[in-house]
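Okay, so the sequence shown: first residue is 14 according to the working numbering, each after it adds one.
Think of the CB as a built atom: it goes at the ideal place given N, C-alpha and C, for glycine as much as any other residue.
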Amino acid sequence: MTDLFPRPPFPHQPQAVPGTTRQMSPVPDHGETTYQGSGRLAGKRALITGGDSGIGRAVAIAFAREGADVAFCYLNEDADADETRQLVEAEDRKCEAIRLDISKSQNCRALVDKVVQSFGGLDILVNNAAHQMTFESLEDIGDEEWELTLATNISAVFYLCKAAMPHLKDGGTIINTASINSDNPRPTLLAYATTKGAVQNFTAGLAQLLGEEGIRVNCVAPGPVWTPLIPSTMPPETVVHFGENTPLGRPAQPRELAPVYVMLASDDASYITGATVPVTGGKPMI
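As C-alpha cells, this is what we get:
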C-alpha cells in the first residue's frame, strides 16, 4: 500500500483560485478506474455541492456506481464539471451539473428546487463545497474574505439543509464535510478552520433535531487531501510537502474518502447519526 499512492515532495505548481484538476501533478485519483459499486444506493437521488473535483468528484463517481442519480453544483470550474458529469453518465445514471454560487441563500433554495424537480425527489444531501485561503496574520484577513468563508462553508450548509429537509423523508441522509481543522485548527487557515468547527457542531445538533423524522446527519472530517484547493490556496513550499507530516507520510487521494460517504449514505449506517468520521491518515483530531 505504501507505493500505491503518490507521496511528497510534489512539483511546484501554483494555480489561481479555485484551481483545476488537469493542471495538478500528480493528477488526483478520484477512483475513475478503481471504484467498484455493489448497488448500495440503488434508486437514491443525491445532491453534492462542490462535485466538480476533489472529494466531491470522487463521491459523485462512487454514488453513481452504487446506483444513485447524482446532481452536483460548482462555482465556475466548467471543464472539471463537464468531466464529472461524463463520468456519472457513463454509469447510466442521471446527472445534473449546476453552475451556482452557494454563498447566496436564494441560490441554495433554488438549487434544491431544481434538483427535486429534475429527479422527482431527494434522498441524500452532501454539503461538500468549501472556500479556503491561507493568511499568515489576523490583520491579513479582510472583512469580505471572512464573510465569504462563513457564507460558503457554514451558512450555505444551513440554507441547503433547511431547503432539503421537507424532501428527504424517513430514511433520508445529510453528510457534511468537516475537517481535521474542526478540532485541530491550523492557524494560517483561521477562517476556514472556524467554519469547519461550526460544521461539526451543526451536524451534531441537527442530528438530534431530525432524529424523530428518521433523517440521519453525519460529517466526514478529512485530513490533507490532494485536490485543486491545495495548489491554488496554499504557499508553494507547503504544496511541495503537503501531507508529509501525517503518519502515512502522504495526503489522501480523493478516492480514499468516497467509501466513507457511501457508507454513511447507505442503509448500512441506519444507526449512525450525529457522528464525525475522521479520515486523517493517522493524525489525531485533537
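Practice prompt. Figure out for me which residue from Gln99, Lys175, Pro249 has the closest Cα to the Cα of arginine 78.
Written response: As a working note, residue 78 is residue 65 in the sequence shown. If we check each option's Cα against that of arginine 78, Gln99 comes out closest.
Worksheet item: Roughly how many angstroms separate the alpha carbons of alanine 176 and phenylalanine 255, rounded to a whole number?
Response: For the purposes of this step, residue 176 is taken as the residue at position 163 of the sequence shown. For the purposes of this step, residue 255 is taken as the residue at position 242 of the sequence shown. Roughly 36 Å separates the two Cα atoms.
Worksheet entry | Span of the beta strand (DSSP E), counted from its first residue to its last, around tyrosine 87 | Looking up residue 87 in the sequence shown gives position 74. 82 to 87 is the span of the beta strand (DSSP E), which, as asked, contains tyrosine 87.
Discussion item. Less than 7 Å separating the Cβ of cysteine 174 from some heavy atom of the ligand NAP?
Written reply: Absent from the structure shown: the ligand NAP. Ligands present: none.
Item to complete: May I ask which residues mark the beginning and end of the beta strand (DSSP E) holding proline 235?
Response: For the purposes of this step, residue 235 is identified with residue 222 of the sequence shown, where counting begins at 1. Run containing proline 235: 229 to 235, per the beta strand (DSSP E) assignment.
Discussion item. With three or more beta-carbon pairs closer than 8 Å as the criterion, would you say the region 148 to 168 touches the region 92 to 106?
Written reply: no
Item to complete: Rank Pro198, Leu277, Gly218, Gln221 by C-alpha distance to the C-alpha of glycine 210 and give the top, closest one.
Response: Here residue 210 refers to the residue found at position 197 when the sequence shown is read from its first residue. Answer by Cα proximity: Pro198.
Worksheet item: What do you reckon, are the CB atoms on serine 192 and glycine 32 nearer than 8 Å?
Response: Within the sequence shown, residue 192 is the residue found at index 179, counting from 1. Within the sequence shown, residue 32 is the residue found at index 19, counting from 1. For serine 192 and glycine 32, no; Cβs fall outside 8 Å.
Worksheet entry | Rounded separation between serine 283 and arginine 229 - CA only | Numbered from its first residue, the sequence shown carries residue 283 at position 270. Numbered from its first residue, the sequence shown carries residue 229 at position 216. Cα to Cα, the separation comes out at about 8 Å.
Discussion item. Assess contact between the region 211 to 218 and the region 251 to 269, defined as three or more Cβ pairs (one per stretch) separated by less than 8 Å. Is contact present?
Written reply: no
Worksheet item: DSSP beta-bridge partners for valine 290?
Response: Translated into the one-based positions of the sequence shown, residue 290 becomes position 277. DSSP lists Val233 as partners of valine 290.
Worksheet item: Can you tell which of Val139, Ala288, Ala164 has the C-alpha that lies nearest to the C-alpha of glycine 63?
Response: Stepping through the sequence shown from its first residue, residue 63 is reached at position 50. If we check each option's Cα against that of glycine 63, Val139 comes out closest.
Worksheet entry | Where the alpha helix (DSSP H) through leucine 203 begins and ends | Translated into positions along the sequence shown, residue 203 becomes position 190. Segment 203 to 223, the alpha helix (DSSP H) holding leucine 203.
Discussion item. Can you find the residues in the same chain that come closer than 7 Å, C-beta to C-beta, to glycine 262, ignoring five residues on each side of it along the sequence?
Written reply: Locating residue 262 in the sequence shown gives position 249, counting from the first residue. Taken in chain order, the residues that qualify are Arg20.
Fill in: Opening and closing residue of the beta strand (DSSP E) in which alanine 55 lies
Numbered from its first residue, the sequence shown carries residue 55 at position 42. No beta strand (DSSP E) holds alanine 55; DSSP gives it neither H nor E.
Discussion item. Pull the bridge partners of alanine 73 from the DSSP assignment, please.
Written reply: By one-based count along the sequence shown, residue 73 stands at place 60. Paired residue(s): none; alanine 73 is not in a bridge.
Worksheet entry | Strand pairing of valine 275, partner residues [DSSP] | Sequence index remark: in the sequence shown, residue 275 carries index 262 (1-based). Answer is none; valine 275 lacks a bridge partner.
Worksheet item: In three-state DSSP terms, what is leucine 242?
Response: Here residue 242 refers to the residue found at position 229 of the sequence shown. Leucine 242: helix per DSSP, three-state reduction.
Item to complete: Kindly indicate the opening and closing residues of the alpha helix (DSSP H) around threonine 162.
Response: Counted from its first residue, the sequence shown places residue 162 at position 149. Threonine 162 -> alpha helix (DSSP H) spans 156 to 163.
Practice prompt. Assess, as a yes-or-no matter, whether the region 43 to 52 is touched by the region 66 to 76 under the definition of 3 or more beta carbon pairs within less than 8 Å.
Written response: yes
Discussion item. Please identify the residue among Pro291, Val290, Pro249 whose C-alpha is closest to the C-alpha of methionine 37.
Written reply: The sequence position of residue 37 within the sequence shown is 24, counting from 1. The option with the nearest alpha carbon to methionine 37 is Pro249.
Worksheet item: Near aspartate 196, which residues of its chain fall below 8 Å by C-beta distance, leaving aside the five closest residues on each side in sequence?
Response: Translated into the one-based positions of the sequence shown, residue 196 becomes position 183. Within the same chain, aspartate 196 has close Cβ partners Gly210, Gln213, Ala234, Met298, Ile299.
Practice prompt. Could you tell me which of Asp183, Met247, Trp239 sits nearest to threonine 201, measuring between CA atoms?
Written response: In the sequence shown, residue 201 corresponds to position 188, counting from 1. Among Asp183, Met247, Trp239, the Cα nearest to that of threonine 201 is on Met247.
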